[in-house]
Amino acid sequence: MKLSIVIPMKSPERSKSRLAKVLSRNQRKKLTLGLFEKNLNFFRQRYPQYNLLVVTESKRIQEIAESHGAEVLLEEQKLAGLNAAVTLAAEYNERRGVETQLVIPGDIKTLDFDEIECLLSHRVVAPSVVVCPSYDGGTNAMMTTPPNIVPFSFGPDSCQIHLLSAFDEGLHTTRLFLENLSFDVDRPEDLDRAEIWPEKMSA
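Residue numbers (the working numbering): 3 to 205.
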């Protein structure tokens, strides 16, 4: 089954706005790029057999992605948002015959091989959706077969929205909670949990 792993990434200059009260712009940029590169390395080392597609508006992100052997899909419309980026990837993947798309944000703190293996084991040939919730009710991974089988609604409470959309379409639907995958770094309280200390980051 042909699979594409999609990492949507906005420009690092605009990233992590919810951390602006505790991190400078340079610190937020450094955090974003560090997590992104770490996760690119994970997928390139652990899953070289799968297509790795980064969707971005940023030339800097493009350079980093390509240096790690990832394919890049550049967004022509800047500031379009996460759902537009993921939809663009799904349409692109459908056109080239990809059967399954796995979307994972670039800012997951810890990608765990056993968890990703568990997630991939839930792939089914029938039209299906697998949603992995974030700890606050968002969506931190979404696997769709075929890629654009449901609309994308990433954001607050998106796990429930995605599941309901799949149920309404009569799809094979799975909610899969994975501890490490549930945790990204978006809010000030996440920094403590991730053991990322602002005072140790260069300004």
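Ideal placement from N, C-alpha and C gives every residue a C-beta, glycine not left out.
Predicted model, so just to flag it, every value in this text is computed and none were measured.
query: Once you ignore the five residues that flank F115 on each side, which residues in its own chain have a CB closer than 7 Å to its CB?
result: For the purposes of this step, residue 115 is identified with residue 113 of the sequence shown, where counting begins at 1. Within the same chain, F115 has close Cβ partners R48.
- request: Could you tell me the distance, in whole angstroms, from the CA atom of F45 to the CA atom of P129?
  value: The sequence position of residue 45 within the sequence shown is 43, counting from 1. The sequence position of residue 129 within the sequence shown is 127, counting from 1. Distance between the alpha carbons of F45 and P129: 25 Å.
- request: Pull up the DSSP beta-bridge partners for Q103, would you.
  value: Residue 103 sits at position 101 when you count from the first residue of the sequence shown. BP columns for Q103 point to S6, T146.
query: Which same chain residues, not among the five before or five after L166, have their C-beta less than 6 Å away from its C-beta?
result: Translated into positions along the sequence shown, residue 166 becomes position 164. For L166, where only same-chain residues beyond five positions count, there are no Cβ hits under 6 Å.
- prompt: Taking one C-beta from the region 119-127 and one from the region 173-187 each time, how about it: are there three or more such pairs within less than 8 Å?
  reply: yes
- prompt: When you compare only the Cα positions, how much space is there between G71 and L33?
  reply: Here the question's residue 71 lines up with position 69 in the sequence shown. Here the question's residue 33 lines up with position 31 in the sequence shown. Distance between the alpha carbons of G71 and L33 is about 21 Å.
task: Might you give, ordered along the chain, the residues of its own chain that have their beta carbon closer than 8 Å to the beta carbon of R98, omitting 5 neighbours on each side?
output: Locating residue 98 in the sequence shown gives position 96, where the first residue counts as 1. There are no such residues.
- prompt: Mind checking V127: buried by the 16 CB within 10 Å criterion, or exposed?
  reply: Here residue 127 corresponds to residue number 125 of the sequence shown, with the count starting at 1. Flag for V127 reads exposed.
message: In whole angstroms, give me the CA-to-CA distance for A143 and P107.
response: As a first step, residue 143 must be located in the sequence shown, where it is residue number 141. As a first step, residue 107 must be located in the sequence shown, where it is residue number 105. Straight-line Cα distance between these residues: approximately 7 Å.
- prompt: Between R62 and the rest of its own chain, which residues show a CB-CB distance below 7 Å, the 5 nearest in sequence each way excluded?
  reply: Numbered from 1 along the sequence shown, position 60 holds the residue referred to as residue 62. Closer than 7 Å at the Cβ level, and outside the excluded window around R62, lie P14.
- prompt: Taking just the CA atoms, how far does G83 sit from N28?
  reply: Along the sequence shown, one-based indexing puts residue 28 at 26. Along the sequence shown, one-based indexing puts residue 83 at 81. For N28 and G83, the distance between alpha carbons rounds to 22 Å.
- prompt: Could you give the distance in angstroms between the alpha-carbon of E96 and the alpha-carbon of Q64?
  reply: Locating residue 96 in the sequence shown gives position 94, where the first residue counts as 1. Locating residue 64 in the sequence shown gives position 62, where the first residue counts as 1. Approximately 22 Å, taken between the alpha carbons.
query: Apart from the five residues just before and just after P10, which ones in its own chain have a Cβ nearer than 6 Å to its Cβ?
result: Position 8 of the sequence shown, counted from the start, is the residue given in the question as residue 10. Excluding sequence neighbours, P10 sits near V57, L84, A87, V88.
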